[in-house]
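Q: Pasting a structure below so you can have a look.
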Amino acid sequence: MINFEYTRVNSAKAAVAAKSKNVAAQFIAGGTNLVDLMKKGVTAPQRLIDINALPLKDISSDAKGLSIGTLVPNSVAAENKLVLEKYPLLAMALNAGASAQLRNMATVGGNIMQRTRCPYFYDITMPCNKRIPQSGCGAMEGYNRMHAIFGASDKCIAVHPSDMCVALAALNATVVISGTKGEKKIPFANFHRLPGDTPELDNNLQTGELITAVHIPANRFNRSYYLKVRDRLSYAFALVSVAVALEVTDGSIRSASIAMGGVAHKPWRLTEVEKYLIGKSITANVFKEAAEIGMKNAKTYQHNQFKVKMGKSAIVEALTKATS
Amino acid sequence: MDTTNKNEGRRDFLKKSTALAALTIASPALIKAGDNDEKIAAYFEKVPLELEINGQAYKLSVEPRVTLLDLLREQLGLTGTKKGCDHGQCGCCTVHVDGKRINSCLSLAVMSHGKKVTTIEGLAKGEELHPMQEAFMKHDGFQCGYCTPGQIMSAIGCIREGHANTAEDVREYMSGNICRCGAYPNIVDAIMEVKKGGKQL
Numbered sequence: 027m028i029n030f031e032y033t034r035v036n037s038a039k040a041a042v043a044a045k046s047k048n049v050a051a052q053f054i055a056g057g058t059n060l061v062d063l064m065k066k067g068v069t070a071p072q073r074l075i076d077i078n079a080l081p082l083k084d085i086s087s088d089a090k091g092l093s094i095g096t097l098v099p100n101s102v103a104a105e106n107k108l109v110l111e112k113y114p115l116l117a118m119a120l121n122a123g124a125s126a127q128l129r130n131m132a133t134v135g136g137n138i139m140q141r142t143r144c145p146y147f148y149d150i151t152m153p154c155n156k157r158i159p160q161s162g163c164g165a166m167e168g169y170n171r172m173h174a175i176f177g178a179s180d181k182c183i184a185v186h187p188s189d190m191c192v193a194l195a196a197l198n199a200t201v202v203i204s205g206t207k208g209e210k211k212i213p214f215a216n217f218h219r220l221p222g223d224t225p226e227l228d229n230n231l232q233t234g235e236l237i238t239a240v241h242i243p244a245n246r247f248n249r250s251y252y253l254k255v256r257d258r259l260s261y262a263f264a265l266v267s268v269a270v271a272l273e274v275t276d277g278s279i280r281s282a283s284i285a286m287g288g289v290a291h292k293p294w295r296l297t298e299v300e301k302y303l304i305g306k307s308i309t310a311n312v313f314k315e316a317a318e319i320g321m322k323n324a325k326t327y328q329h330n331q332f333k334v335k336m337g338k339s340a341i342v343e344a345l346t347k348a349t350s
Numbered sequence: 649m650d651t652t653n654k655n656e657g658r659r660d661f662l663k664k665s666t667a668l669a670a671l672t673i674a675s676p677a678l679i680k681a682g683d684n685d686e687k688i689a690a691y692f693e694k695v696p697l698e699l700e701i702n703g704q705a706y707k708l709s710v711e712p713r714v715t716l717l718d719l720l721r722e723q724l725g726l727t728g729t730k731k732g733c734d735h736g737q738c739g740c741c742t743v744h745v746d747g748k749r750i751n752s753c754l755s756l757a758v759m760s761h762g763k764k765v766t767t768i769e770g771l772a773k774g775e776e777l778h779p780m781q782e783a784f785m786k787h788d789g790f791q792c793g794y795c796t797p798g799q800i801m802s803a804i805g806c807i808r809e810g811h812a813n814t815a816e817d818v819r820e821y822m823s824g825n826i827c828r829c830g831a832y833p834n835i836v837d838a839i840m841e842v843k844k845g846g847k848q849l
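Quick mapping for you: the protein sequence lines, in order, are chains X and F.
Residues in the first sequence are numbered consecutively from 27, following this note's numbering.
Residues in the second sequence are numbered consecutively from 649, following this note's numbering.
In structure tokens form, the structure reads like this:
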């Protein structure tokens, strides 16, 4: 690992000031992704700003919803009573990610900021527009079994690896950010970016900005489920995943929110499916039609064609599990 | 207690010679004497680190890039914790920091400042083995033994977190520890037995 300078900061203000002064600096919290990327030579920050001492470790709720501090470990969020009671979908998604050790280390903010696990991004001998802009894409004509089927570009077909973010997208969360100009909030749907011509940008966070919390609004969803399909039963990234949140009364769907993971450069909301489901009753045929709509505009590559059929089955399964 | 770094002499020599080599390669036109000294100093700067490992206090000075795993093994001679994949995928390097199981290969040592680290060496009380160590022996929870320190540290964490209620539960919450020999059924048995024993771990 290339050596770097290291500073610890004690406040969000100091963290933002330190980062604004140095574009080659990066924040470090759990380190589970960043340390790995540094070992592989994918990234080599000149300075690390350790934010672990910041007082951003609380989970609190009020009438408007739930706030989770950016430094809350994934395992703590997954076991939190308020999360389990009000947002079981989030707990399911958190527990579907990584291993118990990694969940103890990884933070909520770090989970949002993690980079893709595209093997061509990780292999520094291969071209990758995300790692080195304009260097090409190894995955496009390569082994692209794990790659995107929605929203990709001719520059990048990588997917966002998070499970937690898929649930947060379905729960209409907002990302709370601290910067030199004060605090701002970005709705989850607008936080991560599609690759377009600038796949090097994963999200819309600006230089110097720090995620301080995630806010999940109160909702009327009374049925939810997170389904993750992967190559082994535990501790693997999603081939596809589906987060379903429904408001069901008298056997009829009043509102729906559905997001998919493993299919795009960001958590992928199925807005047309959500519209379709409103007012529908819970039947196998409705779910089958929902799956058809959900996968309608999928664009596959040589090795990931299976994701369309798998995606449809996963949508049906997640809807069925959520309502049974 | 202060612990001297036994490799310090050798490491310092290597660092100095690397710095000298960097100086010789750099074009003289690019070198502003003071400026260059500062850059090299920053590059090799060590960070003070105070932490407790297995009940013993250490006052150290480490490069920021040293992982907790490398600090334990290479600088402190605590080789019980193993390096498998070095990328957080195998779980061999599992230790406890402030009582929680983590992958020491993905944690920078400087991030453990002020914390309490427990490694496999810190489990036994003198000649008396930890109940999890006893159970792994009783159930033959290993073959080659390389993953065992990580398995045992992780297993203790698994029970402390309240997860080992069924065999399925154990398999799920131990999925971060890979055993190349495939001793899984016996590992699950060992953990289930300790869980049923109900001892505070």
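The beta carbon of each residue, even a glycine, is placed where N, CA and C say it ideally should be.
(1) Comparing C-alpha positions only, which one of X/R143, X/N248, X/M27 and X/E315 sits nearest to X/S350?
(2) My output table needs one value for F/E686: the three-state DSSP class, helix, strand or coil.
(3) Just curious, the beta strand (DSSP E) that X/S87 is in, first and last residue?
(4) Verify the CB distance criterion: does F/K748 have a CB-CB separation below 9 Å to chain X?
(5) Closer than 7 Å by C-beta to F/D788: which residues in its own chain qualify, once you throw out the five before and the five after it? Chain order, please.
(6) Is the separation between the beta-carbon of X/A344 and that of X/L197 shorter than 9 Å?
(7) Take the Cβ of F/T814 as the centre, count every other Cβ of all protein chains shown within 10 Å, and call the residue buried at 16 or more, exposed below.
(8) Using the rule of at least 16 other Cβ atoms within 10 Å of the residue's Cβ for burial, across every protein chain shown, is F/C733 buried or exposed?
(9) Should the region 132-144 of chain X be called in touch with the region 88-96 of chain X, which here means at least 3 C-beta pairs below 8 Å?
(10) Anything in chain F within Cβ reach of X/T58, meaning under 8 Å, just list it in chain order.
(11) Does DSSP classify F/L777 as helix, strand or coil?
(12) Just reading off the beta strand (DSSP E) that X/R280 is part of, what are its end residues?
(13) Counting only the same chain and skipping the five closest in sequence on each side, list residues whose C-beta sits under 6 Å from that of X/S281.
(14) Any residues in the region 829-846 of chain F with a beta carbon nearer than 8 Å to a beta carbon of chain X? Which ones, in chain order?
(15) For F/N825, collect the residues of the same chain with a Cβ closer than 6 Å to its Cβ; drop the 5 residues on either side in sequence, then sort them by chain order.
(16) Rounded to the nearest angstrom, how far is the Cβ of X/F176 from that of X/A199, given a contact under 8 Å?
(17) So X/Q127 and X/S188 are supposed to be a Cβ contact under 8 Å. How far apart are they, rounded?
(18) Between X/M152 and the rest of its own chain, which residues show a CB-CB distance below 6 Å, the 5 nearest in sequence each way excluded?
(19) Using a threshold of 9 Å, state whether the C-beta atoms of X/G234 and X/V102 are closer than that.
(20) Since X/A38 and X/L236 are thought to touch, with beta carbons under 8 Å apart, how far apart are those beta carbons, to the nearest angstrom?
(21) Assuming X/D62 is part of the alpha helix (DSSP H), what are its boundary residues?
(22) What does DSSP give as the partner residue(s) for F/L716 in the beta ladder?
(23) Name, going along the chain, the residues of the region 266-283 of chain X whose beta-carbon falls closer than 8 Å to a beta-carbon of chain F.
(24) Please name the residues in the region 70-90 of chain X whose beta-carbon is closer than 8 Å to at least one beta-carbon of chain F, in chain order.
(25) What's the call for X/S86, buried or exposed, on a 16-neighbour Cβ count within 10 Å?
(26) Please return the same chain residues whose Cβ sits closer than 7 Å to the Cβ of X/K314, not counting the five positions on each side in sequence.
(27) Taking Cβ to Cβ, would you say X/S278 is nearer than 9 Å to X/S307?
(28) Taking a cut of 8 Å between CB atoms, which residues from the region 756-774 of chain F lie near chain X?
(29) Would you mind reading off the limits of the alpha helix (DSSP H) that contains X/T346?
(30) Cα separation between F/A772 and X/A264?
(31) Taking 9 Å as the CB-CB limit, is X/F313 close to chain F?
(32) Give the DSSP-derived three-state secondary structure of F/T727 in the structure shown.
(33) Should X/N225 go down as buried or exposed, given a rule of 16 or more other Cβ atoms within 10 Å for buried?
(34) Are the C-beta atoms of F/C795 and some chain X residue less than 9 Å apart?
A: Let's see:
(1) As a working note, residue 350 of chain X is residue 324 in the first sequence. Considering only alpha carbons, the answer is X/N248.
(2) Along the second sequence, one-based indexing puts residue 686 of chain F at 38. For F/E686, the predicted model reports a pLDDT of 48, less than 50, meaning its position is unreliable; a value from the coordinates is still stated below. If DSSP states are grouped into helix, strand and coil, F/E686 belongs with the helices.
(3) Residue mapping note: residue 87 of chain X aligns to position 61 of the first sequence, counting from 1. That run of the beta strand (DSSP E) goes I85 to D88.
(4) For this step, residue 748 of chain F is matched to residue 100 along the second sequence. It does; some Cβ of chain X falls within 9 Å.
(5) On the second sequence, residue 788 of chain F is found 140 positions in, with the first residue counted as 1. So the qualifying residues of the chain are N834.
(6) Mapped onto the first sequence, residue 344 of chain X falls at position 318. Mapped onto the first sequence, residue 197 of chain X falls at position 171. Not a contact, by the Cβ cut-off of 9 Å.
(7) Counting from 1 along the second sequence, the entry for residue 814 of chain F is found at position 166. So F/T814 counts as exposed.
(8) Stepping through the second sequence from its first residue, residue 733 of chain F is reached at position 85. Classification of F/C733: exposed, given that the 10 Å Cβ count is below 16.
(9) yes
(10) Here residue 58 of chain X corresponds to residue number 32 of the first sequence, with the count starting at 1. What X/T58 touches in chain F: G736, N751 and L754.
(11) Here residue 777 of chain F is taken as the residue at index 129 of the second sequence, counted from 1. In this structure, F/L777 counts as coil in the three-state DSSP scheme.
(12) As a working note, residue 280 of chain X is residue 254 in the first sequence. Where X/R280 is concerned, the enclosing beta strand (DSSP E) stretches over S278 to G287.
(13) Walking along the first sequence from the start, residue 281 of chain X turns up at place 255. Taken in chain order, the residues that qualify are E273.
(14) none
(15) Residue mapping note: residue 825 of chain F aligns to position 177 of the second sequence, counting from 1. If we look at F/N825 and ignore the five residues flanking it on each side, its Cβ neighbours are G739, G798, Q799 and S802.
(16) On the first sequence, position 150 is the one that residue 176 of chain X refers to. On the first sequence, position 173 is the one that residue 199 of chain X refers to. Between X/A199 and X/F176 the Cβ distance is about 20 Å, and since that is not below 8 Å, they are no contact.
(17) Counting from one through the first sequence, the residue named residue 127 of chain X turns up at place 101. Counting from one through the first sequence, the residue named residue 188 of chain X turns up at place 162. Not confirmed; about 17 Å, so no contact.
(18) The count along the first sequence starts at 1 and reaches residue 152 of chain X at position 126. Result list for X/M152: Y146 and G164, in chain order.
(19) Numbered from its first residue, the first sequence carries residue 234 of chain X at position 208. Numbered from its first residue, the first sequence carries residue 102 of chain X at position 76. Cβ distance not < 9 Å, so X/G234 and X/V102 don't count as in contact.
(20) The residue given as residue 38 of chain X occupies position 12 in the first sequence. The residue given as residue 236 of chain X occupies position 210 in the first sequence. Going by Cβ atoms, the distance from X/A38 to X/L236 rounds to 6 Å, so yes, they are a contact pair.
(21) Reading the first sequence from its first residue, position 36 is the one you call residue 62 of chain X. Residues L60 to K66.
(22) For the purposes of this step, residue 716 of chain F is taken as residue 68 along the second sequence, with counting starting at 1. Per DSSP, none; premise fails for F/L716.
(23) none
(24) L74, D76 and N78
(25) The count along the first sequence starts at 1 and reaches residue 86 of chain X at position 60. That one is exposed.
(26) The sequence position of residue 314 of chain X within the first sequence is 288, counting from 1. Answer for X/K314: V342, listed in chain order.
(27) Walking along the first sequence from the start, residue 278 of chain X turns up at place 252. Walking along the first sequence from the start, residue 307 of chain X turns up at place 281. Cβ atoms of X/S278 and X/S307: closer than 9 Å.
(28) L756, V758, M759 and H761
(29) As a first step, residue 346 of chain X must be located in the first sequence, where it is residue number 320. Per DSSP, X/T346 belongs to the alpha helix (DSSP H) from F332 to T349.
(30) Within the second sequence, numbered from 1, the residue matching residue 772 of chain F stands at position 124. Within the first sequence, numbered from 1, the residue matching residue 264 of chain X stands at position 238. Whole-angstrom Cα-Cα distance: 39 Å.
(31) Indexing the first sequence from 1 puts residue 313 of chain X at position 287. By this cut-off, X/F313 is not an interface position.
(32) Taking the first residue of the second sequence as 1, we reach residue 727 of chain F at position 79. Looking at F/T727 - three-state DSSP - the assignment turns out to be coil, as it is neither helix nor strand.
(33) Position 199 of the first sequence, counted from the first residue, corresponds to residue 225 of chain X. In the sequence under discussion, the amino acid at residue 225 of chain X is Pro, which differs from the Asn named in the question. X/P225 comes out buried.
(34) As a working mapping, residue 795 of chain F is identified with position 147 in the second sequence. Taking Cβ atoms only, chain X never reaches closer than 9 Å to F/C795, which makes this a no.
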